Amino acid sequence: MIPELGHFALIVALLLALTQAILPLYGAQRGDFTLMAVARPAAQGQFVFVLLAFVCLAWSFLNNDFSVLNVAKNSFSQLPEIYRLTATWGSHEGSLLLWVLILAFWSTAVSVFSRHLPEDMAARVIGVMGLISVGFLAFLLITSNPFERLLPAAMDGNDMNPLLQDWGMIIHPPMLYMGYVGFAVAFAFAIAALLSGKMDVAWARWSRPWTTVAWAFLTLGIVLGSWWAYRELGWGGWWFWDPTENASFMPWIAGTALIHSLAVTEKRGAFKAWTVLLALTAFSLSLLGTFLVRSGVLSSVHAFATDPARGAFILGFLAVVIGGSLALYAWRAPKMVTGSGFTWFSRESLLLANNVILIAALGSVLLGTLYPLFMDAMGLGKISVGPPYFNAVFVPLMAPALFLMGIGPLARWKEASLPDIATRMKWALGVAVAVAILLPLTLDGFKPWASLGFFLAAWIALAVLVAFADRLKHGQGGLLQKLSALPRGFWGMQLAHFGIAVGVAGIAVVANYATERDVRMDVNSYAELDGYTFTFRGTTGHDGPNYRAVRGTVEVSKNGKLMATLHPEKRVYNASGMAMTEAAVRPVVFSDLYVAMGEQLDEQGAWTVRLFHKPFINWLWLGALLMVVGGFMAAADKRYRIALRRSEVPKHVAAQGA
Amino acid sequence: MKPRHRKLALIAAVVAALGLAVVLVLNAFNSNLVFFFSPTQVANGEAPTARAFRIGGLVEEGSIKREKDGLTTRFVVTDTARTIPVIYTGILPDLFKEGKGVVAEGRLGSDGLFAASQVLAKHDENYMPPEAAHAIEQAQKAQQTVVE
């Protein structure tokens with residue numbers, strides 16, 4: 055009964071989404087307030103029903119209802135409860151349902167926090183989100199019903215992919231989708247603005263906090279995925295330039311460009327058309343990313359051919375969203391008035407450079423990700439584009455962007471003075487160069503790319519210091535008072551930039567100075583790596599809830615002192631019989647010691663073992679977290695709320711005008 | 007400079023920067039593409055000898071041989087028509103098994119031995135790497151045409 059209830063709830067949600075889309079959009083066009091007023095309750099009602107469907111699916115998973123095909127395929131009776139719950143979004147169908155749930159959540163959030171918007175704007179934004187919801191709900195119901203029954207019911211399930219049984223994977227998809235779908239809000243604002251023709255500064259101010267929050271979630275989602283891959287895949291890598299990763303990275307790059315371009319539009323009224331285009335792009339790439347990963351097209355373009363309904367729907371939906379929004383853009387954008395001018399050296403021009411570089415980087419990732427798919431689909435041969443391409447392109451492209459990042463926040467709007475900035479940053483340049491030369495000496499030798507990384511990291515970090523010093527010169531009271539008086543937008547930006555500096559430093563070290571060894575280890579034999587001694591103490595059997603494992607014991611010492619005892623495992627999962635390496639990772643100060651087991655070699659208990667020393671890898675996660683916190687902080691800036699109160703006054707005036 | 011000239015200069019700078027980026031990207035793209043060849047294609051001498059490429063197929067039953075150091079492995083990749091001997095040093099992925107699909111990246115030696123620098127792991131037991139599936143499909147198609 056419960057799965058049928060879920061199915062029914064989805065159908066009701068689709069009807070509500072249709073209502074939420076059609077009536078308010080039509081009402082806004084006609085100036086009919088009764089129809090516009092439908093938007094909020096419809097969005098909230100849709101959320102309730104999608105949530106109900108989601109709870110029904112989660113209930114089926116938790117209660118091992120193997121008469122539901124989705125549950126039988128992706129869960130297992132011995133699976134621990136928490137993974138049974140997360141298996142809800144482990145499959146294609148379930149993850150699309152999560153997508154719709156999060157979309158409904160964002161729509162409801164917009165319906166609650168949009169009281170200050172002119173009625174027609176709010177109606178259009180919520181209506182556009184309803185349209186997207188209609189597309190996804192129809193896709194679920196027509197091609198990917200998560201509640202499909204299996205008759206007769208399976209005795210037990212096929213189990214969840216062991217690699218996904220990790221707590222990084224519990225929160226990675228929801229966070230990632232919060233980001234993807236959050237860009238739907240920016241998209242809806244852009245479409246609403248195009249429909250109404252009101253492309254003013256207020257529009258940028260409304261959509262800015264939403265976009266920043268979505269960006270922060272996406273950042274968190276991506277870094278969680280990276281952290282999961284690092285610990286779970288057993289290769290010690292944290293970024294593989296795999297199409298699945300690129301699928302989430304492309305909307306992130308577009309989103310990063312968007313939050314910077316929105317800043318110009320909000321503060322100076324410039325870049326209007328460009329900002330709208332970026333908002334459309336960021337969401338289109340989110341859709342593309344979802345479908346690239348979820349349609350199976352990455353594992354084989356022929357997956358499309360084997361399931362023509364899904365493939366056709368996906369392509370059709372993408373065509374409608376991207377084509378439709380671009381057509382609307384082409385029709386409306388020429389009417390936008392350009393904002394005030396600026397000189398070649400100003401904050402605007404620096405942010406323009408930021409955008410140009412980011413878009414070039416985006417294009418290069420898009421090319422490397424889609425070209426192999428295109429070649430394959432056309433039957434022109436199979437090729438792959440691996441990390442060497444992306445590294446060769448991405449690093450040289452981003453280096454100038456990172457350098458400009460040090461200057462941008464110090465430059466004035468409209469017209470900045472180059473000599474003035476040169477004076478303020480002279481010492482920072484000196485210190486950064488010194489760091490780039492001296493720091494490698496304390497590490498394992500001089501490496502040019504590492505030095506460039508250190509230079510840029512130091513440069514950005516010092517620029518953050520200079521920016522704070524500038525702000526603290528003025529104002530009254532003690533240091534703490536002054537610091538707390540600084541706007542949250544400023545804090546957020548500086549924190550996020552500082553996070554980039556920390557992350558770049560971490561990448562520079564770990565990409566250049568990490569060491570690894572594959573060794574044969576007999577019981578009680580040892581191997582050396584970077585001054586650490588790894589001693590293998592043999593293995594013992596160990597049974598988990600749904601797997602059997604061989605657990606190794608590796609003692610790591612430095613200068614005769616025991617630093618850590620690691621327990622890497624080799625598991626075989628009961629349901630699927632799939633073997634999996636569970637690496638043991640232990641942070642020691644700023645480094646990670648990382649041990650993964652290969653295969654047993656003989657009866658005496660010798661194994662092949664992979665040893666890693668990963669210095670400063672933690673800085674990478676730390677840097678990303680600083681960016682996330684910075685994003686949330688910037689979105690919480692007071693001026694968005696002040697704008698909210700101020701615009702309440704002329705609300706009815708705007709309404710009458712509409 | 008007049009504002010109009012300034013705008014033109016700005017646009018020219020942006021276009022120049024983008025042009026440079028495009029050249030950089032396409033250059034890197036060209037020199038880093040990794041092509042895929044099936045065992046049959048390699049046997050026919052279609053694969054390059056100067057450049058790394060990928061092969062795919064099934065690990066032939068009974069072909070895995072480990073050398074004494076425990077780290078160097080020799081195995082044979084087949085597309086059911088032709089085979090390639092492969093050598094790899096390092097730890098193999100969990101799902102590397104005889105009779106299962108595999109994709110390896112590396113260079114072809116003059117002795118016909120494929121020295122793999124990377125053996126690709128996939129995340130699912132039942133999942134066949136698309137390149138491997140493709141190689142077998144091609145080989146079987148070719149055989150069928152011969153029979154007909």
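Sequence order for the protein chains is Z and P.
Take the first sequence: its letter number 555 is residue 609 in our numbering, and every next letter is one higher.
Take the second sequence: its letter number 4 is residue 10 in our numbering, and every next letter is one higher.
The beta carbon of each residue, even a glycine, is placed where N, CA and C say it ideally should be.
Please read these numbers as outputs of a predicted model, since none were measured by experiment.
Min CB distance residue i to chain Z below 9 Å
i                     : result
residue 86 (chain P)  : no
residue 120 (chain P) : no
residue 42 (chain P)  : yes
residue 110 (chain P) : no
residue 68 (chain P)  : no
residue 38 (chain P)  : yes
residue 114 (chain P) : no
residue 35 (chain P)  : yes
residue 75 (chain P)  : yes
residue 28 (chain P)  : yes
With 16 other Cβ atoms within 10 Å as the buried cut-off, status of residue i
i                     : result
residue 129 (chain Z) : buried
residue 519 (chain Z) : exposed
residue 364 (chain Z) : buried
residue 37 (chain P)  : exposed
residue 428 (chain Z) : exposed
residue 55 (chain Z)  : exposed
residue 524 (chain Z) : exposed
residue 242 (chain Z) : buried
residue 551 (chain Z) : buried
residue 146 (chain P) : exposed
residue 539 (chain Z) : exposed
residue 230 (chain Z) : buried
residue 408 (chain Z) : buried
Limits of the unbroken alpha helix (DSSP H) element including residue i
i                     : result
residue 302 (chain Z) : 297–322
residue 348 (chain Z) : 326–348
residue 165 (chain Z) : 146–166
residue 84 (chain Z)  : 56–84
residue 629 (chain Z) : That residue, residue 629 (chain Z), is in no alpha helix (DSSP H); it is neither H nor E in DSSP.
residue 39 (chain P)  : From DSSP, residue 39 (chain P) is part of no alpha helix (DSSP H) but of the beta strand (DSSP E) over 39–43.
Host beta strand (DSSP E) of residue i (start-end)
i                     : result
residue 597 (chain Z) : 586–597
residue 132 (chain Z) : Neither: residue 132 (chain Z) is in no beta strand (DSSP E) and is coded neither H nor E.
residue 615 (chain Z) : 615–620
residue 577 (chain Z) : Counting along the chain, residue 577 (chain Z) falls outside any beta strand (DSSP E), and DSSP gives it neither H nor E.
residue 661 (chain Z) : 661–669
residue 97 (chain P)  : No beta strand (DSSP E) holds residue 97 (chain P); DSSP gives it neither H nor E.
residue 107 (chain P) : 107–114
residue 634 (chain Z) : 633–636
residue 646 (chain Z) : 645–654
residue 82 (chain P)  : 78–84
CB contact check: residue i to chain P, cutoff 9 Å
i                     : result
residue 365 (chain Z) : no
residue 398 (chain Z) : yes
residue 437 (chain Z) : yes
residue 424 (chain Z) : no
residue 494 (chain Z) : no
residue 442 (chain Z) : yes
residue 288 (chain Z) : yes
residue 266 (chain Z) : no
residue 336 (chain Z) : no
residue 446 (chain Z) : yes
residue 95 (chain Z)  : no
residue 73 (chain Z)  : no
residue 660 (chain Z) : yes
residue 297 (chain Z) : no
Residues within the region 632–658 of chain Z neighbouring chain P, beta-carbon criterion of under 7 Å: Only those residues of the region 632–658 of chain Z whose C-beta falls short of 7 Å from the nearest C-beta of chain P are listed: 632, 633, 634, 635, 652 and 655.
Interface positions of the region 89–108 of chain P facing chain Z (Cβ-Cβ less than 8 Å), listed along the chain: Hits within the stretch, in order: 95, 96, 97, 98, 100 and 101.
Members of the region 8–21 of chain P near chain Z, C-beta cut-off 9 Å: Cβ contacts with chain Z: 9, 12, 13, 15, 16, 19 and 20.
Short-range partners of chain P found in the region 117–145 of chain Z, where Cβ spacing is below 9 Å: Correct list: empty, as no residue qualifies.
Members of the region 558–577 of chain Z that neighbour chain P once the beta carbon cut-off is set at 8 Å: Per Cβ criterion, the list reads 572, 573 and 574.
The region 590–609 of chain Z: positions lying closer than 8 Å to chain P by Cβ: Per Cβ criterion, the list is empty.
Residue ranges of each alpha helix (DSSP H) within the region 172–259 of chain Z, 4 or longer: If we require 4 residues or more, the alpha helix (DSSP H) runs fully inside the region 172–259 of chain Z come out as 173–197 and 221–250.
Members of the region 407–424 of chain Z near chain P, C-beta cut-off 9 Å: Within the region 407–424 of chain Z, the qualifying residues are 407, 410, 411, 413, 414, 415, 417, 418, 421 and 422.
Uninterrupted beta strand (DSSP E) stretches inside the region 372–441 of chain Z (no shorter than 3 residues): Counting only runs of 3 or more residues that sit fully inside the region 372–441 of chain Z, the beta strand (DSSP E) segments are 437–439, in chain order.
Chain P contacts made by the region 664–687 of chain Z, where a contact means CB separation under 9 Å: So the close ones are 664.
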